[in-house]
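Asks:
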DNA sequence: GCATCACTTAGCTCTTGCGCTAAGTATTGC
DNA sequence: GCAATACTTAGCGCAAGAGCTAAGTGATGC
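Protein chains in written order, with our numbering: chain V, 191 to 309; chain Y, 191 to 309.
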């Protein structure tokens with residue numbers, strides 16, 4: 191069960207990093223950092239059809255980096271700060287490996303990744 | 191020229207986050223955190239054909255997260271710690287926006303992303 | 001109550017990502 | 001010098017990502 195926990199963690203990271211790999215999505219996150227906004231407000235700066243833009247919003251929501259709520263005909267997007275902790279955690283684990291501080295959890299993470307984590 | 195600098199930074203982030211979005215590649219980085227290794231050593235834990243694995247190595251090298259050097263018939267891979275700073279920088283900029291500390295650079299980054307950064 | 005607005009769904013393209021096999025090249029070891 | 005080792009190149013197949021248009025749905029405003 192700790193293994194399935196690691197797998198969940200890994201798939202979560204897949205989604206988060208994938209979400210962050212697109213400049214449109216990073217820009218949306220930057221904008222939402224300043225506070226909630228509606229889809230059309232968010233879409234305005236981009237030279238992109240709305241359905242295309244919506245896919246980015248769905249991707250961000252799927253990865254947990256934002257959540258949205260529809261009231262009337264307007265959907266409002268809010269950043270999900272907690273989700274960024276997963277990235278920070280991965281970065282610290284990585285740094286810990288460099289520093290040779292391979293305590294039990296970090297060893298576990300490294301080994302799990304090397305063995306069963308792929309695909 | 192500061193604009194083209196931001197564009198470079200953005201494309202760099204695209205590559206880095208994309209590289210980190212794959213569990214095989216994260217596992218390779220975790221392994222390399224403990225020290226340099228050859229391609230075949232790195233490939234061993236994975237149930238994957240060597241050319242497939244090589245693509246991951248090339249991707250990592252292309253994103254700057256590792257560099258490699260061939261001596262004789264063996265190619266040795268080394269982690270490039272500096273490159274992780276770009277991720278940290280992005281995370282801090284993001285956090286800074288949450289905290290309302292939108293000083294000049296961060297405002298610039300946010301606006302550049304919202305306007306011209308996409309695609 | 002009819003038009004407008006703010007999405008939403010459906011379905012199409014094109015490119016890229018991630019895996020494979022087969023065959024090639026360049027070192028190294030006996 | 002011949003075989004084995006350690007990649008490397010070439011090329012294929014399938015799935016997913018990122019864009020588009022066209023048409024649909026459900027609230028809001030006059």
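Even glycine gets a Cβ: it sits at the ideal position worked out from N, Cα and C.
1) Could you tell me whether any Cβ in chain Y is nearer than 8 angstroms to the Cβ of residue 282 of chain V?
2) Going by CA-CA distance only, name the one from V:201, V:270, V:236, V:274 that's closest to residue 213 of chain V.
3) Go ahead and pull the three-state DSSP assignment for residue 309 of chain V.
4) What distance in whole Å lies between the Cβ atoms of residue 203 of chain V and residue 220 of chain Y, which are believed to be in contact at a cut-off of 8 angstroms?
5) For the beta strand (DSSP E) that residue 260 of chain Y lies in, which residues bound it at each end?
6) Taking 8 angstroms as the limit between beta carbons, can you name the residues of its chain near residue 232 of chain Y, skipping five residues before and five after?
7) If we cut at 8 angstroms on Cβ distances, does residue 273 of chain Y have a partner in chain V?
8) Keeping to the same chain, check which residues put their C-beta closer than 8 angstroms to that of residue 308 of chain V; ignore five residues upstream and five downstream.
9) Identify the contact partners of residue 223 of chain Y in chain V, using a Cβ-Cβ distance below 7 angstroms as the criterion.
10) With a floor of 3 residues, list each beta strand (DSSP E) that falls wholly inside the region 209-273 of chain Y, ordered by position along the chain.
11) Compute the distance between the beta-carbons of residue 265 of chain Y and residue 228 of chain Y, then report whether it is under 8 angstroms.
12) Using the Cα positions of residue 270 of chain Y and residue 255 of chain Y, report the straight-line distance between them to the nearest angstrom.
13) Does chain V have any CB closer than 8 angstroms to the CB of residue 208 of chain Y?
Replies: Straight from the coordinates:
1) No, residue 282 of chain V does not count as interfacial toward chain Y.
2) V:236
3) Any reading at residue 309 of chain V must be qualified, since the residue scores a pLDDT of 33, below 50, and its modelled position is unreliable; the value itself is stated next. In this structure, residue 309 of chain V counts as coil in the three-state DSSP scheme.
4) With 8 angstroms as the limit, residue 220 of chain Y and residue 203 of chain V do not qualify as a contact, their Cβ atoms being about 12 angstroms apart.
5) Run containing residue 260 of chain Y: 256-261, per the beta strand (DSSP E) assignment.
6) 218, 221, 222, 243, 247, 267
7) So no, residue 273 of chain Y is outside the interface.
8) Its pLDDT being 38, under 50, residue 308 of chain V is placed unreliably by the model, and the measurement read from it follows with that caveat. Nothing listed; no residue qualifies.
9) 284, 287, 288
10) Correct list: 256-261, 264-269.
11) yes
12) 5 angstroms
13) yes
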